[in-house]
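Structure, as structure tokens:
Residue numbers (my numbering): 511 to 698.
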């Protein structure tokens with residue numbers, strides 16, 4: 511199936527419809543709190559698997575996160591019985607378990623960042639990861655970092671006062687990457 515950007519492919523608490531194979535595009539997988547905040551867990555691109563869908567299919571439990579197409583995306587959805595048949599083949603099972611291990615390492619790094627890094631460090635690192643000219647909103651950055659937009663806006667204003675970035679409508683330009691790098695690794 512082909513879906514436009516911002517299409518919700520699955521919701522928390524719903525049954526798993528199958529094993530999504532991203533052929534083109536990208537799926538952002540997020541968790542949401544009752545207060546409206548969200549945290550991006552990971553993104554699925556061609557050649558990767560959705561850990562949440564796999565776990566749901568392995569356990570027969572509901573989805574534990576939401577999946578949204580972050581740009582126009584083509585997805586092949588293998589129904590649960592087909593996924594179970596594929597798992598019987600050693601090559602597919604090995605592929606899924608290897609990708610599962612990779613995704614778990616990514617999630618462990620995310621937990622470490624959220625638990626042990628200050629938000630200003632995480633924001634500086636996120637900006638550096640997006641490149642020198644970033645088309646995004648304060649809200650999107652807040653969602654990626656699992657915090658409130660107001661906090662991100664306050665930190666961005668501070669970074670701008672320091673001369674590290676320049677902000678305009680839905681755009682952030684990095685002016686001093688070296689200072690951002692230092693901020694992203696500064697001791698707590």
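Each residue gets a CB set at the ideal place from its N, CA and C atoms; glycine is no exception. Just so it is clear, the structure is predicted and the values come from calculations on it, not from any experiment.
Check	Outcome
Exposure label - residue 555; buried when at least 16 CB within 10 Å	exposed
Residue burial classification, residue 544 (beta-carbon count within 10 angstroms, cutoff 16)	exposed
Secondary structure of residue 555, DSSP reduced to three states	coil
Contact belief for residue 539 with residue 560 at Cβ below 8 Å, rounded distance in angstroms	6 Å
Short Cβ contact (8 Å threshold) for residue 575 with residue 541	yes
Buried or exposed by the 16-neighbour rule on C-beta atoms within 10 Å, applied to residue 654	buried
Counterpart residues of residue 584 in DSSP-defined beta bridges	512, 534
Contact between the region 673–680 and the region 624–633 (3+ Cβ pairs under 8 Å)	no
DSSP three-state assignment for residue 676, whether helix, strand or coil	strand
For residue 628, the three-state DSSP class (helix, strand or coil)	coil
Proximity to residue 536 [Cα-Cα], best of 522, 557, 657, 596	557
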